[in-house]
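Beneath this line is the structure, given in structure tokens, with notes to follow.
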Amino acid sequence: MSTVDIPLLTIAPTTSHTHTVIFLHGRGDNARNFAGSLAGSPDSHGRTLIDAFPSFRWVFPQAPTRECASSPDVWPQWFDVWNVRDLSENENLQVIGLREVVPAICRIVAVEAALLGGAWERVIIAGISMGGATSAHVLFNLNLPPGKSLGAFLGFSCRLPFAGQSLVQMRELHKSGNAPGHNDVLRYTPVLLEHCIDDPLVRIRDGKVLRDALREFGAKVEWKEYQSGGHWFNSPVGEVQLEAAYVFTIVDQCPSTAPLVKSVNYFQISLIQRFQIQDMTTNSEIPALLNFTEGIGTDWHGVRL
1 MSTVDIPLLT
11 IAPTTSHTHT
21 VIFLHGRGDN
31 ARNFAGSLAG
41 SPDSHGRTLI
51 DAFPSFRWVF
61 PQAPTRECAS
71 SPDVWPQWFD
81 VWNVRDLSEN
91 ENLQVIGLRE
101 VVPAICRIVA
111 VEAALLGGAW
121 ERVIIAGISM
131 GGATSAHVLF
141 NLNLPPGKSL
151 GAFLGFSCRL
161 PFAGQSLVQM
171 RELHKSGNAP
181 GHNDVLRYTP
191 VLLEHCIDDP
201 LVRIRDGKVL
211 RDALREFGAK
221 VEWKEYQSGG
231 HWFNSPVGEV
241 QLEAAYVFTI
251 VDQCPSTAPL
261 VKSVNYFQIS
271 LIQRFQIQDM
281 TTNSEIPALL
291 NFTEGIGTDW
301 HGVRL
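Numbering of the sequence shown is given in UniProt numbering, commencing with residue 1 and proceeding in unit increments.
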């Protein structure tokens, strides 16, 4: 099986490192632009996302640049798709890229857990659009010791490639030879999926297919949908206290990971409600604290596979 280089853009914690968020960008975007959209936008109090979570390390993998099989275009994309209007058409094309990048992302997760002393439950994986779809397949194939899980999986405006197949079939698609024989990662990793009803690219019904499949595979999924926001994050109007009830619901469901899950969901609230996030197509100056590296060399910020 072929391997790929996954360059990483990282933001180091400013206090003692407690958690890591691995956040995958969408098709056609890049790690630098996506990270800048999150890290460079202050809230109404002048705080950035980094200010709100000083103990978090942020990792933004960069998707490979691939030629599109159905057009002369070249895109940064985790995997290729034949028809964006009918994502099931020529679906086998998608598995080529997934087989390359999913093992690479699994390796990145392992490196980040090692930096936290083997605390897998303090590593959060997140993704938007194709990054979320890829992250779901990472969750399916992540081979952790029985009973272990990640801190959370957060998916925004995403779908499920090869929907309708069983978990065993999903894993067989990758031919990795290292897929787990249990579903503990799915059972014990809290999942939050968000989708906007007016999303013109990934229809909300496709997001619901991902939700239902994850639940069928044993995951506990919280689903949030919004009237507006398009193919991006929703910025709902309302009091933070209204979202707090949702946070405590998650904490009650997962008492063993309550401190972590509370942090994860506060991160989600800050990201969605309190920060004015720029559209992914805009270019903005990236803060100097971003560290863009590739290759494993002497700098563990980058992972070469």
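Glycine is no exception: its CB is placed at the ideal position from the N, C-alpha and C atoms. Only a predicted model underlies this, so the values are computations on that prediction, with no experimental measurement involved.
Judged by DSSP in its simplified three-state form, P61 adopts strand.
Excluding five sequence positions before and after W75, the CB atoms of its chain that fall closer than 8 angstroms to its own CB belong to R27, G28, T65, R66 and C68, given in chain order. I22 sits close to A126, with the two beta carbons spaced by under 8 angstroms. The continuous alpha helix (DSSP H) containing V95 extends over residues N92 to L115. In this chain, the alpha helix (DSSP H) harbouring K208 covers I204 to E216. Counting every other CB atom within 10 Å of its CB across the protein chains shown gives G151 a total of 16 or more, marking it as buried.
Where G132 is concerned, the enclosing alpha helix (DSSP H) starts and stops at M130 to N141.
If the five residues before and after G147 are omitted, its C-beta is found closer than 8 angstroms to the C-beta atoms of D184 and Y188, all from its own chain and listed in chain order. Between the stretch 149–169 and the stretch 108–123, the count of Cβ pairs shorter than 8 angstroms is three or higher; the stretches touch. When rounded, the separation of the alpha-carbon atoms in A114 and I108 is 10 angstroms. Collapsing the DSSP output to three states places R171 in a helix.
In this structure L160 touches A133 by the C-beta definition: roughly 7 angstroms separates them, less than 8 angstroms. Residue pairing for A126: DSSP places it in a beta bridge opposite F23 and L154. For S55, the closest C-alpha among the options T18, F79 and F34 is that of T18.
Nearest in C-alpha terms to P200, of all of V209, H174, G229 and N30, is G229.
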